[in-house]
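Enquirer:
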Amino acid sequence: MGEIDCRNFETKAVHGESGFESRTGAISYPIYQSSTFRHEGLNKGTGYDYSRTGNPTRDEVEKTVAALENGRACLAYSSGMAAISSVLTIFKGGDHIIVSDDLYGGTYRIFEEIYEHYGIEVTYTDTTSTENIEKELRENTKAIYLETPTNPLMKITDIREVSKLAKEHNTLLIVDNTFMTPYYQKPLELGADIVLHSGTKYLCGHNDALAGFVILNDERLIEKLRFIQNSVGAVLAPFDSWLILRGIKTLHIRLDRQQENAIKIANFLKKHKKITKVLYPGLEEHVGHDILKSEASGFGAMISFYVDSKETVEKVLESVKVIIFAESLGGVESLITYPYTQTHADIPDDIRKRLGVTDKLLRFSVGIENVDDLIKDLDKALQA
Ligand SMILES: *Cc1c(COP(=O)(O)O)cnc(C)c1O
Numbered sequence: 001m002g003e004i005d006c007r008n009f010e011t012k013a014v015h016g017e018s019g020f021e022s023r024t025g026a027i028s029y030p031i032y033q034s035s036t037f038r039h040e041g042l043n044k045g046t047g048y049d050y051s052r053t054g055n056p057t058r059d060e061v062e063k064t065v066a067a068l069e070n071g072r073a074c075l076a077y078s079s080g081m082a083a084i085s086s087v088l089t090i091f092k093g094g095d096h097i098i099v100s101d102d103l104y105g106g107t108y109r110i111f112e113e114i115y116e117h118y119g120i121e122v123t124y125t126d127t128t129s130t131e132n133i134e135k136e137l138r139e140n141t142k143a144i145y146l147e148t149p150t151n152p153l154m155k156i157t158d159i160r161e162v163s164k165l166a167k168e169h170n171t172l173l174i175v176d177n178t179f180m181t182p183y184y185q186k187p188l189e190l191g192a193d194i195v196l197h198s199g200t201k202y203l204c205g206h207n208d209a210l211a212g213f214v215i216l217n218d219e220r221l222i223e224k225l226r227f228i229q230n231s232v233g234a235v236l237a238p239f240d241s242w243l244i245l246r247g248i249k250t251l252h253i254r255l256d257r258q259q260e261n262a263i264k265i266a267n268f269l270k271k272h273k274k275i276t277k278v279l280y281p282g283l284e285e286h287v288g289h290d291i292l293k294s295e296a297s298g299f300g301a302m303i304s305f306y307v308d309s310k311e312t313v314e315k316v317l318e319s320v321k322v323i324i325f326a327e328s329l330g331g332v333e334s335l336i337t338y339p340y341t342q343t344h345a346d347i348p349d350d351i352r353k354r355l356g357v358t359d360k361l362l363r364f365s366v367g368i369e370n371v372d373d374l375i376k377d378l379d380k381a382l383q384a
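Just so we're aligned, residue 1 is where the sequence shown starts under the UniProt record's numbering, counting upward by one.
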């Protein structure tokens with residue numbers, strides 16, 4: 001991008017790390033669909049040897065995502081869970097991690113069903129209160145793991161406050177930034193050590209690829225994670241790296257429209273007689289609205305809401321026509337999910353009930369369709 005520093009977020013998103021490929025001038029960064037790279041001679045090479053270790057298209061998406069999060073380095077994985085899993089391998093048996101109690105179901109599952117077997121101790125707590133976290137700190141606490149906003153209850157944690165606590169106690173602060181994206185929230189700047197993404201969601205934006213990212217600043221940790229990435233091998237494929245690069249080009253305009261639609265939909269739902277509660281951090285009355293406003297530049301486009309009965313849940317899921325009943329989030333298509341039996345089915349019933357992931361809760365990922373169509377679709381489905 002030459003010497004001129006015109007690198008505001010939108011420019012970085014559109015142009016990526018390099019702007020174009022220097023050898024050919026290709027504007028769309030080429031897909032280096034090659035597993036291996038020729039060496040000219042002994043100790044002579046291009047810097048690439050084998051695609052698990054490094055691939056130019058993956059490098060480009062890694063550098064682009066690092067630039068968007070204002071981080072020193074990024075590593076790209078085959079899914080969000082592969083990214084989370086790789087980060088967790090830096091811990092060892094006997095280490096303790098404090099984790100948000102409202103959490104993506106897959107993340108709960110990996111802590112409970114996989115890393116538990118390796119002796120990693122986990123305490124779940126409501127991280128919206130820094131005091132709660134402080135109470136759970138132990139000698140062997142090595143990390144605090146946050147989702148904010150949480151999935152699906154949209155609870156907001158004060159990243160700045162928790163990062164102070166983490167620094168005092170010499171523990172790492174890990175933040176899953178999937179819901180906000182770097183466009184709205186940059187956890188590294190708020191004091192986090194490691195930022196995670198399911199790139200499958202907003203970064204991709206089109207429901208056509210799986211991806212995961214880890215972004216960080218600490219050189220020692222970067223080296224360690226690169227070693228783990230190469231050793232374990234859950235790397236992002238060249239074509240999928242390209243799909244994410246392509247998706248990121250429109251991240252800011254997609255999100256702006258998604259958020260604009262979400263605000264209108266949240267206000268519609270709020271007034272509907274079959275809706276008992278709307279959880280959207282963009283609403284002024286949402287607990288955590290002010291914290292999010294002070295740490296992020298937007299509220300995102302994820303809305304969770306409670307309906308009056310399980311029958312209404314069934315009717316809505318069966319009757320929506322524009323909105324699609326499907327897992328996942330963050331894409332241009334509006335999707336509605338039922339966390340109770342879908343994304344959060346692996347969380348024990350008593351915990352789900354205590355948290356509020358009930359059989360009356362729906363989660364709505366607002367897309368970029370015409371907002372009146374979306375509202376009409378919801379209104380009809382609620383009347384059905
Ligand atoms: C989807 C999701 C994940 C898991 O990512 P995959 O790409 O599906 O593996 C992790 N965290 C959050 C908040 C998610 O929404």
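Where a beta carbon is used, it is the ideal one built from N, C-alpha and C, also for glycine.
1. Say whether the segment 320-333 touches the segment 376-383, bearing in mind that this needs 3 or more beta-carbon pairs closer than 8 Å, one atom from each stretch.
2. For K201, is the beta carbon positioned less than 7 Å from some heavy atom of ligand 3?
3. Based on the DSSP secondary-structure assignment, which residues constitute the bridge partners of C74?
4. Check whether the Cβ of L329 lies closer than 7 Å to any heavy atom of ligand 1, and answer yes or no.
5. Using beta carbons (cut-off 8 Å, strictly below), is P56 in contact with chain D?
6. Going by the DSSP bridge assignment, what does K44 pair with across the sheet?
7. T157 to E21, Cα distance in whole Å?
8. Please check the pair S86 and A234, which I expect to be a contact at CB under 8 Å, by giving their CB distance rounded to whole angstroms.
9. Relative to ligand 1, is the shortest distance from any of its heavy atoms to the C-beta of T127 smaller than 7 Å?
10. Measure from the alpha carbon of M180 to the alpha carbon of each residue in E284, T150 and V307, then state which is nearest.
11. Which residue from G119, I97, T64 and Y118 puts its Cα closest to that of E134?
12. Just to confirm, is the Cβ distance from E40 to R160 under 8 Å?
13. Taking a contact to mean a Cβ-Cβ separation below 8 Å, would you say residue 389 touches I265 in this structure?
14. Give a yes or no on contact between the segment 183-201 and the segment 211-223, applying the rule of three or more CB pairs nearer than 8 Å.
15. For ligand 1, is there a heavy atom less than 7 Å away from the beta-carbon of S151?
16. So what's Y325 in DSSP terms, helix, strand or just coil?
17. Give the DSSP bridge partners of T123, in chain order.
Expert: Considering the structure as presented:
1. In short, these stretches touch, since the Cβ pair count reaches three.
2. In the structure on display, ligand 3 does not appear, and the ligands it does have are ligand 1.
3. Answer is I215.
4. Answer for L329: yes, Cβ within range of ligand 1.
5. No chain D is part of this structure, which consists of one protein chain only.
6. By DSSP's assignment, K44 forms a beta bridge with G41.
7. Cα atoms of T157 and E21: separation of roughly 40 Å, rounded to the nearest angstrom.
8. Taking 8 Å as the upper bound for CB-CB distance, S86 and A234 are in contact here, some 6 Å apart.
9. Flag unset: Cβ of T127 not near ligand 1.
10. Each of E284, T150 and V307 was checked against the Cα of M180, and the nearest Cα belongs to T150.
11. The shortest Cα separation from E134 among G119, I97, T64 and Y118 belongs to I97.
12. The answer is no: Cβ separation not under 8 Å.
13. In the structure displayed, the chain extends from 1 to 384; residue 389 sits before or after that span and is not available.
14. The segment 183-201 vs the segment 211-223: in contact.
15. In the sequence on display, residue 151 carries Asn and not Ser. Indeed, a heavy atom of ligand 1 lies less than 7 Å from the Cβ.
16. It is worth fixing the name first, because residue 325 is Phe in this sequence and not Tyr. It is a strand residue.
17. Secondary-structure assignment with DSSP links T123 through a beta bridge to I98.
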